[in-house]
Amino acid sequence: MAINPSLIDVTIPESGYPAEVAAEDTRESLMSAVTDGGAIVTAFPDHMWIEPKDWPDAARDAKKYRTRAIDYIDRFTNQGSGNGGYSTHECTCHSLTRGAEAAWNRRRSIPIGPPVPRVRLETSAQSTSVWFSCLSIYAEANSRQWGGASCTQVLSISAKRGFLPDKIQPRDYGFKHTLHGTCGAGGVNQSRGSWTPLSQFPEGWQETAKHFRPLEWIFPESWEQMVCLLLHGIVVNVGRDGHAVPLVEWMPEDNVAAYTDSYDVIRFDSVSRLRRSVSGASAIVSMTTPDDYDHPAG
Amino acid sequence: MIKSITTLGLLAFLTLGFGLSPEPYAETTIQAAPPETNLAGPFAVTVSPSPVPEHSMVYVKTEHTAEHFELEVLTVRNGWVEYVSTEQLARPGEWVFVGPPGQYSVKLRAVDSKTGIVSAVGKVTIGNVPPNVPDVPTDPVTPAPVDPKKKVNRVTYVYEKDQNSVPRPVAFGLQRLNTESGRSIVATEFEEDTTDGDGQVPDQYKVALEEARKAGLPALVVQAGTLVIRVIKAPTTEQAVIDAAK
C-alpha cells in the first residue's frame with residue numbers, strides 16, 4: 039500500500055527540539071553523556087552491516103520473523119494537547135522511551151507490536167512489557183518545563199539513573215514508585231497529569247528507576263548504519279528539524295524509515311532527512327535485565 | 003614445474019625421512035556415490051591407504067577430467083565438525099591434506115558445464131584411532147531424551163553482541179516457544195554483559211550464562227529450573243530451537 043505523501047518528512051513546530059537545543063547534540067556530546075552516566079558506548083559492530091542491495095531481503099525477513107523494532111513496541115504516547123492535557127515540549131523523552139521499551143521487550147522474545155493508535159493490545163498484558171514515564175526524564179532535563187531538552191541531556195539522565203514506570207501499565211507489577219507519563223494528552227496506554235518537578239517525585243524513586251536503565255548504546259556514523267540497526271530490530275532515536283522521534287522500521291519499497299510519532303500516528307522520514315539526522319542519532323541496544331520479569335523492580 | 007619439483011622433493015624427503023611408501027595413492031579406491039545428475043557412471047578417486055601414518059600427508063588423486071573440482075574434507079574435533087584445509091598439487095587431479103589422528107570424510111566433486119556435477123565420497127583414517135571414536139554427527143542438534151520428571155521451563159540464547167546478533171530464525175524459535183508452550187517455558191535472549199538494576203548478573207540468568215560461557219558463545223541453554231538439560235552451540239535455525247526444548 040502506497041504511503042500517504044503527507045506523512046513523509048513532516049515538520050512539527052514547537053514540539054521540544056528547537057534549533058538552539060539541537061545545537062548541543064553532536065555525536066561526541068551524545069557519547070560523552072552516556073559514558074558519564076555510567077553506560078557503555080559500543081562501536082557499530084561489523085557483523086551488523088548489511089549491504090544496501092540486501093536491505094529489501096533483510097526487511098522482508100525481519101517482517102517474516104517478527105524481529106522488527108516495531109514488533110516490540112505496543113503503544114503510542116501523546117505529548118500534544120487534548121484529554122485535559124496541553125501541548126508539551128517533551129518530544130526527546132517520548133522518543134527515548136520508545137527506544138528503551140523496544141530494547142526491554144526484544145530480549146523477552148514475545149512480539150507484541152505493531153502498536154495501534156489509541157488501542158490497548160491484548161498481547162501487552164500477556165507479555166512482560168513495561169511502560170516508562172516520559173515525564174520522569176523531562177522533569178530533570180528541563181526544570182523550567184518549557185523550551186524542550188536536547189538528546190544529550192535526556193540520554194545522560196536515563197543512563198545515569200533510569201526511567202520511572204508510568205502509572206499506567208499493561209499489567210500489575212506492584213511498582214512502589216511510578217509517575218504519570220506526560221503533561222500532554224496521554225491516552226489509553228499513557229497516564230497524564232500536571233507538571234511535577236524532580237523535587238516532588240515520590241520518595242525513594244531512585245530505587246525503582248535503577249531497574250530500568252539503558253546499559254549500552256550504539257551511535258551510528260552514517261544513515262546506512264541507521265538503517266542496518268533498524269533491520270536488526272533496534273530503534274534509532276533521532277532529533278532533526280525541530281522534533282525528536284524513534285525510527286522503528288525501514289521500508290525498502292518506499293525508501294523511508296517509519297517512526298511512531300508522539301502524536302498517536304506513524305510518520306516517515308526520507309533518506310534525505312535521515313542523512314541530516316546522523317549527528318543526533320542514538321540506539322539503545324540493551325537495558326538492565328530483571329531477576330524476574332514478572333517483578334521487574336524486585 | 004617448480005611446484006611439482008618441490009612436491010616431489012617433499013615426497014622424497016618424507017619417504018626417506020619417515021619410511022613412507024613411495025606410492026602413496028595407489029592402493030585404495032573410494033567408491034563413487036551415485037551421480038548427482040544423469041551422467042553415465044561414477045568416477046574413480048584414490049586416496050592414501052588407511053591408516054595413513056601420523057604426520058604424513060594424505061594424497062587424493064583422480065584421472066577424471068572436469069572444468070572444476072571441489073575437494074571437501076571433514077573431521078570431528080572436540081565435538082565439532084570441522085573443515086580440513088587441502089592443497090591442490092601442480093599435477094591436475096591431485097590434492098594433499100594433513101591432520102592429527104582421526105577419521106576424515108573426503109568428498110571430491112567434479113563440475114563441468116557439459117557433463118554436470120558428479121561426486122565421489124569415502125573415508126580415510128590418519129594415525130591410530132581408538133575404536134570408540136564417534137562418527138561425524140549427522141544431526142548435531144538432535145536432543146537427548148529428557149526425563150519426563152524434568153520439564154523444560156527455560157530456554158536462553160546467550161550471546162555477545164560484539165560477535166553476533168541473534169539470528170532471526172532463532173529469535174522466531176524463541177517466540178514460538180513462548181507462545182506455543184502457553185508461557186510454561188520462558189524463552190529469551192540474553193546478552194552476556196547485561197546486568198540487573200544493582201549491576202549484578204540477573205538471578206534468572208546465572209546458570210545459563212555460566213553454562214554458555216563453558217560451551218562458548220553463542221549458545222542455547224535449556225533448563226528445567228536450575229538443572230541444565232542441554233546446551234546447543236550456535237544454533238541458527240528455528241527448528242533447532244524448537245527441538246532443543248523437547
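Sequence lines, in order, name chains H and R.
The first sequence begins at 39 in my numbering and counts up by one.
The second sequence begins at 3 in my numbering and counts up by one.
Just so you know, even glycine gets a beta-carbon here, dropped at the ideal spot from N, CA and C.
- Taking 4 residues as the shortest admissible run, the region 233-296 of chain H contains the following complete alpha helix (DSSP H) segments, listed from N- to C-terminal end: 244-247 and 261-269.
- For chain H, the residues of the region 185-200 of chain R that bring a beta carbon within less than 9 Å of one of its beta carbons are 185, 188, 189, 190, 191, 192, 193, 195, 196, 197, 198, 199 and 200, in chain order.
- In the DSSP assignment, residue 224 of chain R falls outside any alpha helix (DSSP H) and lies within the beta strand (DSSP E) extending over 221-226.
- Beta-bridge pairing by DSSP links residue 70 of chain R to R:113.
- Distance from the CA atom of residue 154 of chain H to the CA atom of residue 283 of chain H, rounded to whole angstroms, is 17 Å.
- Per the C-alpha coordinates, the member of H:162, H:54 and H:89 positioned closest to residue 211 of chain H is H:162.
- Leaving aside the five residues that flank residue 266 of chain H on each side, the residues in its chain whose CB is nearer than 7 Å to its CB run, in chain order, 86, 87 and 88.
- Between the region 230-248 of chain H and the region 67-78 of chain H, the count of Cβ pairs shorter than 8 Å is below three; the stretches do not touch.
- Contacts with chain H at 8 Å (Cβ-Cβ) do not include residue 87 of chain R.
- For chain R, the residues of the region 85-97 of chain H that bring a beta carbon within less than 7 Å of one of its beta carbons are 85 and 86, in chain order.
- Inter-segment contact for the region 310-317 of chain H and the region 273-281 of chain H is present: three or more beta-carbon pairs are separated by less than 8 Å.
- For residue 116 of chain H, the beta-bridge partners assigned by DSSP are H:301.
- For residue 213 of chain H, there is no enclosing alpha helix (DSSP H), as DSSP gives it neither H nor E.
- For residue 121 of chain R, the enclosing beta strand (DSSP E) begins and ends at 118-128.
- Distance from the CA atom of residue 296 of chain H to the CA atom of residue 127 of chain H, rounded to whole angstroms, is 21 Å.
- Here residue 51 of chain H is exposed. Its C-beta has fewer than 16 other C-beta atoms within 10 Å.
- Short of 6 Å from the beta carbon of residue 62 of chain H, and not among the five residues preceding or following it, lie these beta carbons of its own chain, in chain order: 188 and 190.
- Of all residues in the region 191-207 of chain H, the ones placed with a Cβ closer than 9 Å to any Cβ belonging to chain R are 200, in chain order.
- Using beta-carbon distances, residue 51 of chain R does not count as an interface residue toward chain H, since no partner is under 8 Å.
- Taking 8 Å as the threshold, the shortest C-beta distance from residue 155 of chain R to chain H does not fall below it.
- In this structure, the alpha-carbon of residue 219 of chain R lies about 26 Å from that of residue 181 of chain R.
- Residue-level contact check: residue 215 of chain R does not touch chain H, since none of the beta carbons of chain H fall below 8 Å from its beta carbon.
- Rounded to the nearest whole angstrom, the C-alpha separation of residue 217 of chain R and residue 222 of chain H is 50 Å.
- DSSP, reduced to helix, strand and coil, places residue 157 of chain R within a strand of the structure shown.
- The Cβ of residue 171 of chain R sits closer than 8 Å to at least one Cβ of chain H.
- At a cut-off of 8 Å between C-beta atoms, residue 209 of chain H does not count as an interface residue with respect to chain R.
- Counting along the chain, residue 69 of chain H sits inside the alpha helix (DSSP H) bounded by residues 65-74.
- Chain-order list of chain H residues neighbouring residue 105 of chain R: empty, with the shortest C-beta distance near 33 Å, by a criterion of under 7 Å.
- With its beta carbon less than 8 Å from one in chain H, residue 204 of chain R belongs to the interface.
- In this structure, residue 178 of chain H lies near residue 236 of chain H, with their beta-carbon atoms less than 8 Å apart.
- Here residue 270 of chain H has 86 as same chain residues with Cβ atoms under 6 Å from its own Cβ, once five neighbours each way along the sequence are excluded.
- Measuring C-alpha to C-alpha distances from residue 138 of chain H to each of H:196, H:75, H:181 and H:331 identifies H:196 as the nearest.
- Nearest CB-CB separation between residue 176 of chain R and chain H: below the 8 Å threshold.
- Rounded to the nearest whole angstrom, the CA to CA distance from residue 98 of chain H to residue 82 of chain H is 22 Å.
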